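Accompanying notes for the structure given below.
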């Protein structure tokens, strides 16, 4: 069954490939173009495979930018062999478990509705996108048993393959509890950093100008995104730094700084809706509250910004912080607006 | 009087104008993540079925790519509206193509493709490289290899298909 499906899938790739090569010729007849459009409209599977091929086709232009592959040598090597049209290396050994991929062949002959439905299971990879709004949190469980807790205003993209688990942190902050699977490293990417683990627990927070990785449990390999030229999909970047439980790594554009984290609980307090501060500047505290709430606190006074604060707060209640500051005689009684609360120092 | 054909024609010109070069790049990065199957291709397919064939047949390849880029563009606009409250997020979205994490993924992908390419027969490799990397035409390749253009196309299609299948296997 699987075999038959794979055969159908392969046939679609063959057809799509022939079409692309034909359409790429300098002159394409009207009949040919007509036939191609008819082929495209026959099934969404055709269209999907064709679009995919266009991307591979585009990538092929960049696959050997440094021109290390020698065409003459390839042709000479070929002359020594019998001319063959089929690739000369045998297919990779079959894996132990059947992989849930390309289960769409049957759809080709079926109705449109069926074919459209089949699209959803067409890919070789599992790809998922998850996000949270301001003030929202959610935890997702991946097929491998790992969990990802998304903090406020966060977006991730997850890709699971046979050899790799990859999460792109598009924005925000997330706590990763990685299920052990030494065959498939778990890799988190942000604009600045790459963090890779096999089985552990860590938080990655993507800020505008840095990415902070805090390790809760186990060990995580951290590298700068621009430095991590990854030799293969599975290896830990060779230049990666090892960060252990209780440490954090701040990845900025030039360097990675590691430092101990005195209170790990504060790093994951957001999971229970709390914010824990221990002597942070008020500007930092305000910025933190603003991540979780549509009502924004505004601090315009620099002396006030430097004021230090300790305490445990409900992340969704900026008014509580305002009341606290009022009672401590740090600020003037504040006017709560619909969108913003301006904090002014006590005269 | 404006014919249906003129209307379609203008609509397509507008479409091309709306989705600029960076959007094609955006589309490329979307497609490469494999989520084309899940949502984009389906959306594009439904749009394709609604099209009349005249513009489509004139240049089907660019038409389909533009259609896909347009769909991707609309998603981006949707995402923008959702994220309106956060300037920072907006900037990230706009700057998405330049994201180093994306560049990193591109490196991974090209590396993988290079490995796949190396498993093809030398002839298929040579034909693909001459055309895609070195920009030689089918005719030039045919002259160089002393083959017919039809054979060159055959090697090309075979090689491309094999790349795609093996990529899927990995």
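Residue numbers (the UniProt record's numbering), protein chains in the order written: chain W, 1 to 347; chain U, 1 to 170. From the three backbone atoms N, C-alpha and C, an ideal C-beta is built for every residue, glycine too. Every value quoted in this text rests on a predicted model; they were computed, and no experiment measured them.
**OP:** Write down the C-beta distance between residue 178 of chain W and residue 213 of chain W rounded to the nearest angstrom, noting that I regard them as a contact closer than 8 Å.
**Re:** So it is not a contact: roughly 13 Å between Cβ atoms.
Subject >> Members of the region 129-146 of chain U that neighbour chain W once the beta carbon cut-off is set at 9 Å >> reply: 129, 130, 131, 132, 133, 134, 135, 137, 138, 139, 144 and 145
**OP:** Below 7 Å CB to CB, which residues in the same chain sit around residue 346 of chain W once its five sequence neighbours on both sides are set aside?
**Re:** 329, 330, 331 and 332
**OP:** Drop a sphere of 10 angstroms on the beta-carbon of residue 84 of chain W, count the other beta-carbons inside from all chains shown, and report buried for 16 or more, exposed for fewer.
**Re:** Only weak support is given to the placement of residue 84 of chain W: the predicted model assigns it a pLDDT of 38, under 50, and the question is left unresolved by the model.
**OP:** Count the CB pairs spanning the region 115-129 of chain U and the region 68-78 of chain W that are closer than 8 Å, and state whether there are at least three.
**Re:** yes
**OP:** Would you list, in chain order, the members of the region 306-332 of chain W that have their beta-carbon closer than 9 Å to a beta-carbon of chain U?
**Re:** none
**OP:** Find out if the Cβ-Cβ distance for the pair residue 48 of chain W, residue 41 of chain U is shorter than 7 Å.
**Re:** yes
Original post:
Under 7 Å, do residue 190 of chain W and residue 169 of chain W count as touching if we go by C-beta distance?
Top reply: yes
Subject >> Proximity test, Cβ basis, 7 Å: residue 299 of chain W and chain U >> reply: no
**OP:** Specify the secondary structure class of residue 260 of chain W as computed by DSSP and reduced to three states.
**Re:** strand
Original post:
Could you give the uninterrupted runs of the beta strand (DSSP E) lying entirely in the UniProt domain "FecR protein" (129-220) of chain W, keeping only those of 3 residues or more?
Top reply: 138-141, 147-150, 155-160, 165-177, 186-189, 193-197, 201-206 and 211-217
Original post:
Given residue 245 of chain W, which residues of its chain have a CB within under 7 Å of its CB, disregarding the five upstream and five downstream residues?
Top reply: 215, 216, 217 and 218
Original post:
Nearest chain W C-beta to residue 150 of chain U closer than 7 Å, yes or no?
Top reply: no
Original post:
residue 343 of chain W and residue 309 of chain W: beta carbons closer than 7 Å?
Top reply: no
Subject >> Cβ-based burial, residue 30 of chain W [other Cβ within 10 Å; buried from 16] >> reply: exposed
Subject >> Element boundaries [beta strand (DSSP E), containing residue 310 of chain W] >> reply: 308-314
Subject >> Nearest residue (CA-CA) to residue 174 of chain W, options W/163, W/287, W/180 and W/158 >> reply: W/158
Subject >> Residues bridged to residue 13 of chain W [DSSP beta-bridge criterion] >> reply: According to DSSP, residue 13 of chain W bridges with nothing at all.
**OP:** Look up residue 277 of chain W in the DSSP assignment and give the residues it is bridged to.
**Re:** W/311
Original post:
Which of helix, strand or coil does DSSP assign to residue 283 of chain W?
Top reply: helix
Original post:
Does the separation of the CB atoms of residue 159 of chain U and residue 128 of chain U fall below 7 Å?
Top reply: yes
Original post:
If you draw a straight line from the C-alpha of residue 65 of chain W to the C-alpha of residue 313 of chain W, how long is it?
Top reply: 54 Å
Subject >> 7 Å Cβ cutoff, residue 160 of chain U in contact with chain C >> reply: Absent from the structure: chain C. Protein chains present are W and U.
Original post:
Which residues in chain W sit within 7 Å of residue 61 of chain U, going by Cβ to Cβ distance?
Top reply: 23
**OP:** Could you tell me if the beta carbon of residue 220 of chain W falls within a distance shorter than 6 Å of some heavy atom in the ligand COA?
**Re:** Among the ligands in the structure shown, none appear at all, so the ligand COA cannot be discussed.
Subject >> Close Cβ partners of residue 176 of chain W (< 6 Å) along its chain, the five nearest in sequence each way excluded >> reply: 148 and 202
Original post:
Whose C-alpha, out of U/130, U/107 and U/50, is nearest the C-alpha of residue 70 of chain W?
Top reply: U/130
Original post:
Are the region 283-291 of chain W and the region 255-269 of chain W touching by the rule of at least three beta carbon pairs closer than 8 Å?
Top reply: no
**OP:** From the DSSP output, read off the bridge partner residues of residue 242 of chain W.
**Re:** W/221
Original post:
If you draw a straight line from the alpha carbon of residue 266 of chain W to that of residue 211 of chain W, how long is it in whole angstroms?
Top reply: 17 Å
Subject >> Chain-ordered neighbours of residue 114 of chain U on chain W, where CB pairs are closer than 9 Å >> reply: 63, 64 and 69
Subject >> The alpha helix (DSSP H) enclosing residue 45 of chain W, as first and last residue numbers >> reply: 44-60
Subject >> Member of W/302, W/253, W/24 and W/152 whose CA lies at the smallest distance from the CA of residue 138 of chain W >> reply: W/152
Subject >> Residue ranges of each alpha helix (DSSP H) within the region 119-161 of chain U, 4 or longer >> reply: 122-128 and 138-145
Original post:
If residue 113 of chain U and residue 59 of chain W are in contact, beta carbons under 8 Å, what's the gap, nearest whole angstrom?
Top reply: 5 Å
Original post:
Among W/68, W/145 and W/146, which residue has its Cα nearest to the Cα of residue 134 of chain U?
Top reply: W/68
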